[in-house]
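Residue numbers (this note's numbering), protein chains in the order written: chain A, 1 to 819; chain B, 1001 to 1125. Before any comments, here is the structure.
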Amino acid sequence: MTEKLVIVGNGMAPGRMLEHLFETAPDRFEVTIFNAEPRVNYDRIMLSPVLSGEKSFDDIVIHGDGWYVKNGVTLYKGHRVVAIDRAAKTVTSDQGVTQAYDRLVIATGSTPFIPPVPGKDLPGVLAYRDLDDVEAMILAAQSRAKAVVIGGGLLGLEAAAGLRAQGLDVTVLHLMPTLMERQLDPAAGYLLQKALEKRGIEVITNANTKQILGQDKVEGVELADGRVIPATLVVMAVGIRPSSGLAKETGLEVGRGILVDAHMRTSDPAILALGECVEVDGRVYGLVAPLYQMAEVAARTLAGVDGAGFKHSDTPTKLKVTGIDLYSVGDFAEGADREEIVLRDASAGVYKRLVVKDNKVLGAVLYGETADGGWFSDLMKKGTDIAEMRDTLIFGQSYQGGSPLDPMAAVAALGDDAEICGCNGVCKGKITSTITAKGLTSLDEVRSHTKASASCGTCTGLVEQLMSLTLGEAFNPNAVKPMCACTTLSHGDVRRLIQAKALKSIPAVMQELEWKTSCGCAKCRPALNYYLLADWPGEYQDDKQSRFINERVHANIQKDGTYSVVPRMWGGMTSAKELRAIADVVEKYDIPAVKCTGGQRIDMLGVKKEDLPAVWADLNAAGMVSGAAYAKGLRTVKTCVGTDWCRFGTQDSTGLGVKLEKFMWGSWTPAKLKMAVSGCPRNCAEATCKDIGVICVDSGYDIHFAGAAGLDIHGTQVLCHVDTEGEAIEVIAALTQLYREQGHYLERIYKWLKRVGMESIRAAVVDDLEKRRAYYDRFVYSQRFAQVDPWAERAQGRTASHEFKPMADLTIPFREAAE
Amino acid sequence: MSQPSALPLRFLAIGRISDIPRRGARCVNAPFGRIAVFRTADDRVFATEDRCPHKGGPLSQGIVHDGRVTCPLHSQVIALDTGRVQGPDEGQVRTFPVRLAPDGETIEIGLDPADLAASVPQAAE
Ligand code: SRM
Ligand SMILES: Cc1cc2nc3c(=O)[nH]c(=O)nc-3n(C[C@H](O)[C@H](O)[C@H](O)COP(=O)(O)OP(=O)(O)OC[C@H]3O[C@@H](n4cnc5c(N)ncnc54)[C@H](O)[C@@H]3O)c2cc1C
Ligand code: SF4
Ligand code: FES
Chain A
1 MTEKLVIVGN GMAPGRMLEH LFETAPDRFE VTIFNAEPRV NYDRIMLSPV
51 LSGEKSFDDI VIHGDGWYVK NGVTLYKGHR VVAIDRAAKT VTSDQGVTQA
101 YDRLVIATGS TPFIPPVPGK DLPGVLAYRD LDDVEAMILA AQSRAKAVVI
151 GGGLLGLEAA AGLRAQGLDV TVLHLMPTLM ERQLDPAAGY LLQKALEKRG
201 IEVITNANTK QILGQDKVEG VELADGRVIP ATLVVMAVGI RPSSGLAKET
251 GLEVGRGILV DAHMRTSDPA ILALGECVEV DGRVYGLVAP LYQMAEVAAR
301 TLAGVDGAGF KHSDTPTKLK VTGIDLYSVG DFAEGADREE IVLRDASAGV
351 YKRLVVKDNK VLGAVLYGET ADGGWFSDLM KKGTDIAEMR DTLIFGQSYQ
401 GGSPLDPMAA VAALGDDAEI CGCNGVCKGK ITSTITAKGL TSLDEVRSHT
451 KASASCGTCT GLVEQLMSLT LGEAFNPNAV KPMCACTTLS HGDVRRLIQA
501 KALKSIPAVM QELEWKTSCG CAKCRPALNY YLLADWPGEY QDDKQSRFIN
551 ERVHANIQKD GTYSVVPRMW GGMTSAKELR AIADVVEKYD IPAVKCTGGQ
601 RIDMLGVKKE DLPAVWADLN AAGMVSGAAY AKGLRTVKTC VGTDWCRFGT
651 QDSTGLGVKL EKFMWGSWTP AKLKMAVSGC PRNCAEATCK DIGVICVDSG
701 YDIHFAGAAG LDIHGTQVLC HVDTEGEAIE VIAALTQLYR EQGHYLERIY
751 KWLKRVGMES IRAAVVDDLE KRRAYYDRFV YSQRFAQVDP WAERAQGRTA
801 SHEFKPMADL TIPFREAAE
Chain B
1001 MSQPSALPLR FLAIGRISDI PRRGARCVNA PFGRIAVFRT ADDRVFATED
1051 RCPHKGGPLS QGIVHDGRVT CPLHSQVIAL DTGRVQGPDE GQVRTFPVRL
1101 APDGETIEIG LDPADLAASV PQAAE
C-alpha cells in the first residue's frame, strides 16, 4: 500500500530529494507538497541572472507543471502550512487545506534577516529571496529608481549587479571594511570592490545603517555617521535565518535550525527535515551543494535504504556576476602555524592566495583567474602533500609536469573523482562515463543526464572540455545551427558574409555561399530577402516570391483562404471620416467580420482575395494605408491619451506615438516590431511589454525595449532616459536600425538583446552620440525606399494585379454544357 | 470531387506561361474546385488541386521552391510532381498533367471528362 508523504516547502532541497526517491522507490509514496510560494520548483540560485535580464523565469524552472502530473504529485501552490498536528498526523495550510501524512518532510528553507532598524517596513524595502522579490526589483527599475543594497555579501552583490544591469544607480552599504569578508580575504575584497565601482556601483564600507528614511515610501538611508544616501528602493541582504518556527511550534527539537541527525531524522520519527532550515552536527548551510547531499540521504531514509549519512565538506563560493571571476574555498585565515603563497598581477587584476599548513592546502582565494579553483579544492579535500610542487603550486595545475597552460591537458590530468560541478557534486568520472554509456553529444544532454553544469553554470567550460576529451572531433561546442537544410551556415555567418562579400541578390548569395539546393526553401528565402533588403537599401530589389503570402498580398491569410485587412490608425487615433470609410468598405464588399484588434485599430476579416485591390483603393481614397499587420516590420504604436486629456499625463504621448508611427512605418525588421508610448508610469499603453516602449515622465522620456507578450512574456528593460522628444525619436530609430543590422530573421528584439548583450547596444545607441547619429542616418536613408504604401501601388495598378484573378475559368462553358 | 474515370484526358488551354511569375502560382477555377498552377525557377509547370491535404490551405498562395510548394497555413511541404506531402508529414494532393502547346507558351491542362461534367458551382465565385 502506498504511504502518504507530505512535504512542507517546495525548494531546491526537497525537489532533488524527490528525484532520488522516484528513482529508488517510485511507487512507494503518494506525494503532496505545500509551497508558500505560488509556483513550481525553480533554481533559486539563478535569480540573479533573471534580475539582470540574462535569463527568464522559464529558463530556471527545475520541475515544470508537467513533472508533477507525471509523477502523481499534488502541489498546493501558494499554501503556507500553519500547523502540524503530530498526534493526528496532519498538516493544515493557511488556505484551510488539511492533509494527513504517514511521513512528513519539512523543508522550509530560510527567511531573509531584516535588521530591526526604523523604517524597515516602508514600501520600497525588499529582501532578496524569491521570484516575487526579483519581480518587485525589476518593476522598481522601470521607474528609474535609485537603489541602495544593504549587505555586501554574495546575495547583496548579486542584487547590486543585477539592478545595475537594469539601469539603476546602485549603492552598496557594507558593515565590514571589505566586501564578502566571510569568503574573501581583504586583498580580494578590495579587487572586487574596484571591479564593482568600475561598473558604476558605488560601494560604502564600514557603513552602519541607522534608519531608513521616508514618510509613506522609501526616500533614503541614514548611516550612523549621519550620512544620508537617497534611495527609492532598498534591498536588505544582510543574512538569512533558518525557517524553523513551524517546527518549533510543533514541539520538534530546534537549535539554530531544526535539529536532525546524519540521516535527516528529526526528534519525531515520522518527520524528516532537510535544506537550509536544518542544523546538522552543529552547522547550518546556505549553499546548495550540501543540501543536495542531504537530499540524497533523506531519499534513502524515506525509501528505507541503508547508506552513508550526511558528512560536512567545504563548498567553494563563486560570485555569479558576469565578468567578475572569484573563487574561494576552505579556511584562509592567517595563523602562526600557517604559510601562505601569494601571486599578484596588478595589470591583469589577478590575485591568488593559498593557505598551507604542514604541506597541505587549507584554503584558496582566487580573483581574476579562477580556472585552477577546482584543482586546489581537490588537493585540499584529499589532503595531498604539496611539498614537491610547492614552488610552482600557485601557478596552477598546468605548471605541474604537463605542457604549460594547456587547459585541455589540465582537465585530462584530473582524477576521475575530481569534482567538476560543485553545486551538484558531480565528479569527472561520472561525467565521462555517462557520456560514453549514453552516447551523449551535446551540453544539454550532459546537463540532463548528470546534472553537471545544470545549476549555477560556472563549470560549463570544464564540462565542455571533458566532452571534447571524451568525444574528440565529434564534439564541437560552437557547433553552429545552420539556417536551414539548404546550407551549413548559420544566420550570423550569412549576415556577415552578405556584407563582407557585398552580395546583393539571392542568386549571388546562393552561388557564393554554396547553397545545397538550387533555389532555397521557404525558411531561408524570406530570411535572405530581408538581409539583402536591410543591408543594401535602394540597391536590392525586394524579391516578392520569397515572401510569405501575407507580405505578398499585404493582408493576413485566414484559415479558409480569405484575408483580413487592417489599415493603419496612427497611434491609435481615428476620425469620423476613417470610420465611415471602413463602414462603407465593409458593406460594399460584404465583409463578414469587423473587430477591434489588440493593437488599437480595426480588422476587417474574411475579405475575398479578388476583392483586395478594390478594398484597398477605397481605403486609400479615405487617406488610409496598410497597417502591415502581416509584416516582419513596424506594426503598431499604441498610445494613451497623455497630456491632451489625461490628468496625470506628463508629455504628449499620443503625439509622440503618432510621430513615431509616421516616421517609422514601412520599415522592415528581422521580426515584427511593436511599440507603445505611455504618458506616465501608470503605463496605460502597456509600453513595458513592447519591443520598444516609451514611458513619459516629468523630466522627459524613459526608453524601454525588449519586451514581449506573446509566446514568451518579458517585461522591457530600460535602455536610457532622454530629455526631449527629438532625442527619443533619434534613439528609437538608431536602436531599430542596430536591430535591423544585427538581428537574425524571426529573432525578436528581446532575443537579439539576449544574444548580443545590453552593453553593446547601449554603447552603440546611447553612450556614443556619433554612432547613434550614424545608425539614425542609415535608418532615415533606408526609409526612402521603404515608405511606399503597398496598397496604393497595387490599387493603382502599378504592380501586377493579375495574381488576384484566376488565370482561367473552366466552370462556365461546362456548366452550360451540363445543363 | 468525382473519381477519375477511364476516359481519355481532355487537354484545355488555360493561359500562357508568362502569366505566372517564376517561383509562383496562379489558380484556375474548375467545376470541382480550384486548381493551382505552379511555375518553378527553371520554367517547369505543374498543376495540383488548390487544397492542402492537411486543412485545405490554398497551395497557390504558398512559397514555391525546388519543385515543391510550402503551404501558407501550416507550412507542410508538397512535391509538385507527385502531390505527396514531404516527410515527416503525410498526405497527398491530386495532381493534373500539364503540357505546353506547340507555340511553347500556352499551358494546357489535362482533365478527366468526368470531372468537367460535374457541374458543382464554385462556392467562392
Ligand atoms: C488581429 C490580432 C488579434 C486581435 O484580434 O486582436 C492578431 C492576430 C494575429 N496574430 Fe497576434 N494579433 C494581434 C495582436 C497581438 C498581440 C497584442 C499586441 O500587439 O498588443 C500580441 C502579443 C504581443 C507581442 O507580440 O509580443 C500578439 C502575438 C502574436 C504572436 C506571438 C509573437 C511572439 O513573438 O511571441 C504571433 C505568432 C507570430 O508572430 O509568429 C501572432 C500572430 C498573429 C497572426 C498573424 C497569426 C497568423 O500568422 O495568421 C494573427 C493574424 C490574424 C489576422 O488574420 O488578422 N500574434 N498578437 C491583433 C492585431 C494587432 C494589430 O492591430 O496589428
Ligand atoms: C539570490 C540567491 C542566489 C543564490 N546563489 C547561490 C549560489 O550561487 N550557490 C549556491 O550554492 N547557493 C545559492 N543560493 C542559496 C540557495 O538558493 C539555497 O541554499 C537553496 O535554495 C535552499 O534550498 P531549500 O530547499 O532549503 O529552501 P528554499 O529553496 O528556500 O525553499 C523553501 C521553500 O519553502 C517555502 N516555505 C517556507 N515555509 C513554508 C511553509 N510553512 N509552508 C509551505 N511552504 C513554506 C518557501 O516559500 C520556499 O519556497 C542563492 C540564494 C539566493 C536567494
Ligand atoms: S491568439 Fe493570435 S494567433 Fe492565436 S488564434 Fe488568436 S489571433 Fe490567432
Ligand atoms: S492546410 Fe496546408 S499545412 Fe495546414
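Cβ atoms here follow ideal geometry from the backbone N, Cα and C, with glycine treated the same way.
Burial state of residue i, where buried means 16 or more other Cβ atoms lie within 10 Å
i	result
Gly439 (chain A)	exposed
Lys632 (chain A)	buried
Gln1092 (chain B)	exposed
Phe648 (chain A)	exposed
Arg547 (chain A)	buried
Ala308 (chain A)	exposed
Ile435 (chain A)	buried
Gln465 (chain A)	buried
Ile1107 (chain B)	buried
Ile713 (chain A)	exposed
Met137 (chain A)	buried
Gly255 (chain A)	exposed
Proximity test, residue i beta-carbon vs ligand 4 heavy atom, cut-off 7 Å
i	result
Leu1073 (chain B)	yes
Cys1052 (chain B)	yes
Gly1057 (chain B)	yes
Gln1076 (chain B)	yes
In DSSP terms, what residue i is bridged to
i	result
His721 (chain A)	A:Asp702
Phe1038 (chain B)	B:Ala1025 and B:Phe1046
Met573 (chain A)	Bridge partners of Met573 (chain A): none, in fact.
Thr460 (chain A)	Paired residues: none, contrary to the question.
Arg283 (chain A)	A:Val280
His63 (chain A)	Answer is none; His63 (chain A) lacks a bridge partner.
Glu1090 (chain B)	According to DSSP, Glu1090 (chain B) bridges with nothing at all.
Asn35 (chain A)	A:Lys77
Backbone secondary structure at residue i - three-state DSSP
i	result
Ala88 (chain A)	coil
Trp668 (chain A)	strand
Lys674 (chain A)	strand
Asn359 (chain A)	coil
Gly878 (chain A)	Given a span of 1 to 819 for chain A in the structure shown, any question on residue 878 (chain A) remains unanswerable.
His20 (chain A)	helix
Pro230 (chain A)	strand
Lys320 (chain A)	coil
Val82 (chain A)	strand
Gln293 (chain A)	helix
Ala141 (chain A)	helix
His714 (chain A)	strand
Asp1112 (chain B)	coil
Asn556 (chain A)	strand
Check: residue i C-beta below 7 Å from any heavy atom of ligand 2
i	result
Val288 (chain A)	yes
Ile45 (chain A)	yes
Gly415 (chain A)	no
Ala107 (chain A)	yes
Lys320 (chain A)	yes
Arg164 (chain A)	no
Met573 (chain A)	no
Pro14 (chain A)	yes
Tyr846 (chain A)	Given a span of 1 to 819 for chain A in the structure shown, any question on residue 846 (chain A) remains unanswerable.
Arg80 (chain A)	yes
Within chain E, the residues that residue i reaches when beta carbons sit closer than 9 Å
i	result
Gly1015 (chain B)	No chain E is part of this structure, whose protein chains are labelled A and B.
Ordered list of beta strand (DSSP E) runs contained in the segment 738-812 of chain A, each at least 3 residues: The qualifying runs do not exist here; there are none.
Identify every run of the beta strand (DSSP E) within the segment 194-257 of chain A, keeping only runs that are complete inside it and at least 3 residues long; order them along the chain. Restricting attention to beta strand (DSSP E) runs no shorter than 3 residues, the segment 194-257 of chain A encloses them at 201-204, 209-213, 220-223, 228-230, 233-236 and 240-242, ordered along the chain.
What are the uninterrupted segments assigned as beta strand (DSSP E) that are 3 or more residues long and contained completely in the segment 580-657 of chain A, given in chain order? Counting whole runs of 3 or more residues, the segment 580-657 of chain A contains the beta strand (DSSP E) stretches 593-596, 602-607 and 634-639.
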